[in-house]
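Data first, discussion second: the structure below is written as structure tokens.
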Amino acid sequence: MTPTRTRNPFKPGDGQRPPYLAGRENEQGRLRQILADMADGDSPAANMVMYGPRGMGKTVLLNWLEIEAQRGGAEHNPIRTSWATPDELKKPIHMWNCLLPMNWKKLLKPIHWGTKFLIFSVGWKSNAAASPALVNTLIKECKKRPLVFLMDEAHTMDAGLCRVLLNVSQKVRKKAPFLLVLAGTPGLSHFLTTVGASFVERSTKMGIARLDAQATADAIVKPLQEDGITVDADALEDVVEDSQHYPYFIQLWGEALWDLAKEKDLKKLTSQEITEARTKIESRRSNFYEQRRATLDDLGLLPAAVAIATVFQDTETTTRDRLKEIIADNSPVDSLATQSVNEHLQTFIRHEFIWNPPDSILYEAGIPSLMTYVLDRQREHVQKGSPAAE
Ligand SMILES: Nc1ncnc2c1ncn2[C@@H]1O[C@H](COP(=O)(O)OP(=O)(O)O)[C@@H](O)[C@H]1O
Ligand SMILES: [Mg+2]
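Printed below as a string of structure tokens:
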């Protein structure tokens, strides 16, 4: 039997909802509870900060939350949502467009002189970013209809604007149901502490990490089953292991297996197909890794990356102090003259080489197996560069 769908249902890429959203039951449960409380008029206790290395499924979860909040449509569901990304949000004016799409312009009192345009810009300046009139209107609006404001890629926000948004959010949340959800890479946590809003430390943190083995298997098997395709138990075990439970790789695997089943007109996939699919996946994965390795190289961080990767060969987690020692011992002297060890550590986190999941003081590998890739390339490099060793 060939797959009944004519198009591959798997979605390896950026933010596209997978055919089966696996393993996020805890996160979904927590978010559903917050929505239910808001629908009852209760304010959430804090902002929500969702973070994890790219490819883990933050955007997908944010999309899910938006749909969940809008469930039932405006008539049956009191919750309103607004979605923004930093590239659309350059000035407070853009932020207010999202927060109060209908109201905010009316609230900027026309100030005597000039054309409409001047009135507008002068009015804007005098009504500073977090004008009480705008904040009060937002409070009133949220009392009528709670708002969930979703900001993806929040680590790339303008710091000043982020501070304004956090301040507005704090003022509104105290009086009305308003939830600010910021999603971003592991660098988001540090970014938020640098924007100077101290209460940010009290945000609700939600780490978006790899799935467990069962959820990984479900994410692959369930969509295949819908098209009558099954995978041998041994073969599935290999796929689950090779995907490293990393959502992006899971979709790559699903896509390759579905294509093979269709191409070969198979309804049962065995180790033979897994071997074939692996070749295809390897080349896409190498491209993905190579881009990240090149970035570390451009930043002069490759020697320290190799040293960190070497340590992670024998352990799954390590401490911040140990990482700092490794970075100090393996960074060129001139780079340490311009940037502190801490700054280098933040750069590794920003580039998702390592990260520190919430609820843990230990650091683990960011994008899975990027470390193995970095080490493999280093070995090749050493072999090529030192013929004497042959
Ligand atoms: N829970 C999940 N189960 C299966 N696949 C997922 C899941 N979450 C995300 N994906 C897939 O993983 C990839 C990365 O998701 P995305 O939301 O773009 O990650 P991020 O925003 O963290 O970079 C996409 O191909 C997406 O379809
Ligand atoms: Mg994303």
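Residues 8 to 397 (the working numbering) make up the sequence shown, in order. For glycine and all other residues, C-beta sits at the position ideal for the given N, C-alpha and C.
Let's test the definition: count the other Cβ atoms within 10 Å of the Cβ of T66 and tell me whether it reaches 16, buried, or not, exposed. buried
Suppose only complete runs of 4+ residues qualify. What are the alpha helix (DSSP H) ranges in the stretch 296 to 378, listed by chain order? 309 to 319, 327 to 337, 340 to 345 and 348 to 357
Alpha carbon to alpha carbon, how far is V389 from A34? Give it in angstroms, no decimals. The sequence as given places Glu at residue 34; Ala does not occur at that position. Going by the C-alpha atoms only, they are around 44 Å apart.
Does the beta-carbon distance from S50 to F206 come in below 9 Å? no
Which residue's Cα is closest to the Cα of F198: R39, L173 and S278? L173
Runs of alpha helix (DSSP H) lying entirely within the stretch 214 to 272, each at least 4 residues, in chain order: 220 to 233, 240 to 250 and 254 to 271
With a floor of 4 residues, list each alpha helix (DSSP H) that falls wholly inside the stretch 182 to 215, ordered by position along the chain. Annotation note: the stretch 182 to 215 contains the following uninterrupted alpha helix (DSSP H) runs of length 4 or greater, listed N- to C-terminal: 194 to 201.
Beta carbon of P254: closer than 8 Å to some heavy atom of ligand 1? yes
Kindly indicate which three-state DSSP category M102 falls into: helix, strand or coil? Here M102 carries a helix assignment [DSSP, helix/strand/coil].
From the DSSP output, read off the bridge partner residues of Y58. G191 and G214
Indicate the three-state DSSP secondary structure (helix, strand or coil) for M158 in the structure shown. strand
Among D234, I281, R209 and K271, nearest to L243 - alpha-carbon criterion: I281
Rounded C-alpha distance that separates Q221 from H252: 9 Å
What would DSSP say about A396, mapped onto helix, strand or coil? Confidence in A396 is poor, its pLDDT being 37 and thus under 50, which makes the residue's placement unreliable; the coordinate value appears in the next sentence. DSSP places A396 in helix when its eight states are reduced to three.
Kindly indicate which residue of L141, P16, Y255 and M55 has the alpha-carbon position closest to the one of P365. Residue M55 is the option with its Cα nearest to P365.
Under 9 Å between the Cβ atoms of L68 and L107? no
Start-to-end residues for the beta strand (DSSP E) that takes in A91: R87 to A91
Buried or exposed: L187, going by 16 or more other Cβ atoms within 10 Å of its Cβ? buried
Please say whether L28 and G64 have beta carbons closer to each other than 9 Å? yes
Drop a sphere of 10 angstroms on the beta-carbon of M109, count the other beta-carbons inside from all chains shown, and report buried for 16 or more, exposed for fewer. exposed
Per DSSP, the bridge partner or partners of K275: Residue pairing of K275 in beta bridges, as defined by DSSP: T237.
Give a single yes or no on whether D21 has its beta carbon closer than 8 Å to a heavy atom of ligand 2. yes
Taking 8 Å as the cut-off, is the beta-carbon of T302 closer than that to any non-hydrogen atom of ligand 1? Outside the cutoff, so no.
Are the stretch 281 to 294 and the stretch 247 to 265 touching by the rule of at least three beta carbon pairs closer than 8 Å? yes
Cα-Cα, which of M213, A166 and I236 is closest to G36? Nearest C-alpha to G36 among M213, A166 and I236: M213.
Check whether the Cβ of R87 sits closer than 8 Å to any heavy atom of ligand 2, and report yes or no. Incorrect: R87 has no Cβ contact closer than 8 Å to ligand 2.
Anticipated Cβ contact below 8 Å, L276 with D239, distance rounded: 7 Å
Take I333 and list the residues in its own chain whose beta-carbon comes closer than 7 Å to its own, dropping the five residues that flank it on each side. A311, A314, I315 and V318
Quick check on G36: does DSSP put it in helix, strand or coil? Of the three classes helix, strand and coil, the one that applies to G36 here is helix, per DSSP.
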